[in-house]
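Counting from 552, one number per residue, gives the positions in the sequence shown under my numbering. Virtual Cβ for every residue (Gly too), placed ideally from N, Cα, C.
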Amino acid sequence: MNVAVLASGSGTNLQALIDSAGRGEIGPARLAVVGVNVPDCRALARARAANLTTFVVDHRQYPVREEFDRALVAALDPHEIHLVVLAGFMRLLGPAFLDRYGGRVINIHPALLPAFPGVHAQRQAASYGVKLSGCTVHFVEAGVDSGPVIAQAAVPVRDDDDDAALAARILVEEHRLLPSVVRALAEGRVTADGRRVRVTGSWPSGESLRSM
Ligand code: GRF
C-alpha cells in the first residue's frame, strides 16, 4: 500500500510513521511520498533526512483553493497513492481533492471528536474544563474534522495543565495511534458501514484498538 503523508509543521507524527516503518510496524504500508505546503517546515526536513520522496505545494502560490487542491492532486497522482495521511496538515481540502482521493484520506486530530474540532483543540479542551481529552484518527470528508472515526485514545486533563502540557500528553498517544491505524488500513482490518468504522486485530503491544 503506497502511503502519502501531508504535513505543514513540526512533523512529529510523520516522524512516528517513519520510525514505525523502520521497525517494520506499519505492515505492508510504504511511505511513498511526503508533501508539505510550508516550504521550510520541520516535517520536510524530517522526510528528507529519512530519504523519502518529497514535494512542496506552497498554498501561498494558489490564492484560489481549488487550484491548490488540483496542484496537490497533480503532485500525488504519479505515486499511485492508496492512502493519504494528513499529519498536521493545516489546510482544508475541498472537492477538487476529495473527488479524487475521498474515502482514502485520514486525519489525526488532537481531541476526542466530536468534541473540540478545528484549530487549537487542546486549548479548547483545557479551557472548557473536560477531565479527559485525547486524539482521534478519522476519515476525511468535506466538513471540518467531521468524518467517520476510526480510532481514539484518551488522556487525562490535569488541574494544572496548560495548553502545552496537555498537547504534549496527547502527542504521545498520537504517535502510537496513527501508525497503528495506518497498519490496520494496510492490512485490510478496517471496514466502514456509514459512520460506524470497525477495526479488527490488535496493537503491536497486544491491546485492542477498539478498546481505545
Ligand atoms: C498534531 O497535534 C495533530 O493532531 C494536529 O496537528 C499537530 C501536528 O503535529 N493535526 P506534528 O506536526 O505531527 O508534530
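| request: Could you tell me how far apart the beta carbons of Val589 and Ser559 are, in whole angstroms, since I believe they sit closer than 8 Å? | output: Reading the sequence shown from its first residue, position 38 is the one you call residue 589. Reading the sequence shown from its first residue, position 8 is the one you call residue 559. Going by Cβ atoms, the distance from Val589 to Ser559 rounds to 5 Å, so yes, they are a contact pair.
| task | Report the rounded CA-to-CA distance for Gly685 versus Val691, giving the unit in angstroms. | result | Position 134 of the sequence shown holds residue 685. Position 140 of the sequence shown holds residue 691. Between Gly685 and Val691, the C-alpha separation is close to 18 Å.
| task | Have a look at the DSSP bridge pairing and note the partners of Leu568. | result | Start at 1 with the first residue of the sequence shown, and residue 568 comes out as number 17. Beta-bridge pairing links Leu568 to no other residue.
| task | For Glu725, count neighbouring Cβ atoms within 10 angstroms of its own Cβ and tell me buried if that reaches 16, exposed if not. | result | Taking the first residue of the sequence shown as 1, we reach residue 725 at position 174. With 16 or more other Cβ atoms within 10 Å, it is buried.
| If you draw a straight line from the alpha carbon of Thr751 to that of Leu728, how long is it in whole angstroms? | By one-based count along the sequence shown, residue 751 stands at place 200. By one-based count along the sequence shown, residue 728 stands at place 177. Between Thr751 and Leu728, the C-alpha separation is close to 14 Å.
| task | Helix, strand or coil for Asp744, going by three-state DSSP, please let me know. | result | Translated into positions along the sequence shown, residue 744 becomes position 193. Strand.
| Whole-Å CB distance - Gln675 paired with Ile721, under 8 Å assumed | Here residue 675 is taken as the residue at index 124 of the sequence shown, counted from 1. Here residue 721 is taken as the residue at index 170 of the sequence shown, counted from 1. In fact, because the Cβ distance is near 12 Å, the residues do not count as touching under 8 Å.
| said: Here's the rule I'm using: 16 or more other beta-carbon atoms within 10 Å means buried, otherwise exposed. How should Tyr766 be labelled? | reply: Nothing about residue 766 can be read from this structure; the chain reaches only from 552 to 763.
| said: Considering Cα atoms alone, identify which of Leu565, Cys592 and Asp591 is closest to Leu582. | reply: As a first step, residue 582 must be located in the sequence shown, where it is residue number 31. Of Leu565, Cys592 and Asp591, the residue nearest in Cα terms is Leu565.
| field | Candidates Val732, His689 and Val635, of which the one nearest Gly745 by Cα | value | Counting from one through the sequence shown, the residue named residue 745 turns up at place 194. Nearest C-alpha to Gly745: His689.
| Thr605 versus Ala677: straight-line alpha-carbon distance, rounded | Within the sequence shown, residue 605 is the residue found at index 54, counting from 1. Within the sequence shown, residue 677 is the residue found at index 126, counting from 1. CA-CA distance, Thr605 to Ala677, rounds to 35 Å.
| query | Using the C-alpha atoms, what's the distance from Val706 back to Arg740? | reply | Here residue 740 corresponds to residue number 189 of the sequence shown, with the count starting at 1. Here residue 706 corresponds to residue number 155 of the sequence shown, with the count starting at 1. In a straight line, the C-alpha of Arg740 is about 25 Å away from that of Val706.
| task | With a threshold of 16 other CB atoms inside 10 Å of the CB of Asp713, please say whether the residue is buried or exposed. | result | By one-based count along the sequence shown, residue 713 stands at place 162. Counting Cβ neighbours within 10 Å, Asp713 comes out exposed, since fewer than 16 surround it.
| Distance between Ser697 and Leu643 (C-alpha atoms, nearest Å) | Here residue 643 refers to the residue found at position 92 when the sequence shown is read from its first residue. Here residue 697 refers to the residue found at position 146 when the sequence shown is read from its first residue. Distance between the alpha carbons of Leu643 and Ser697: 12 Å.
| Span separating the alpha-carbon of Arg734 from that of Met552 | Residue numbering aside, residue 734 sits at position 183 when the sequence shown is read from its first letter. Residue numbering aside, residue 552 sits at position 1 when the sequence shown is read from its first letter. Approximately 10 Å between the Cα atoms of the pair.
| query | Near Ala572, which residues of its chain fall below 6 Å by C-beta distance, leaving aside the five closest residues on each side in sequence? | reply | The residue you call residue 572 lines up with position 21 of the sequence shown. Correct list, in chain order: Leu582.
| Under three-state DSSP, which class holds Leu729? | For the purposes of this step, residue 729 is identified with residue 178 of the sequence shown, where counting begins at 1. Three-state DSSP puts Leu729 in a helix.
| Could you give the distance in angstroms between the alpha-carbon of Asp570 and the alpha-carbon of Pro661? | Here residue 570 is taken as the residue at index 19 of the sequence shown, counted from 1. Here residue 661 is taken as the residue at index 110 of the sequence shown, counted from 1. Near 20 Å, if we compare the C-alpha coordinates of Pro661 and Asp570.
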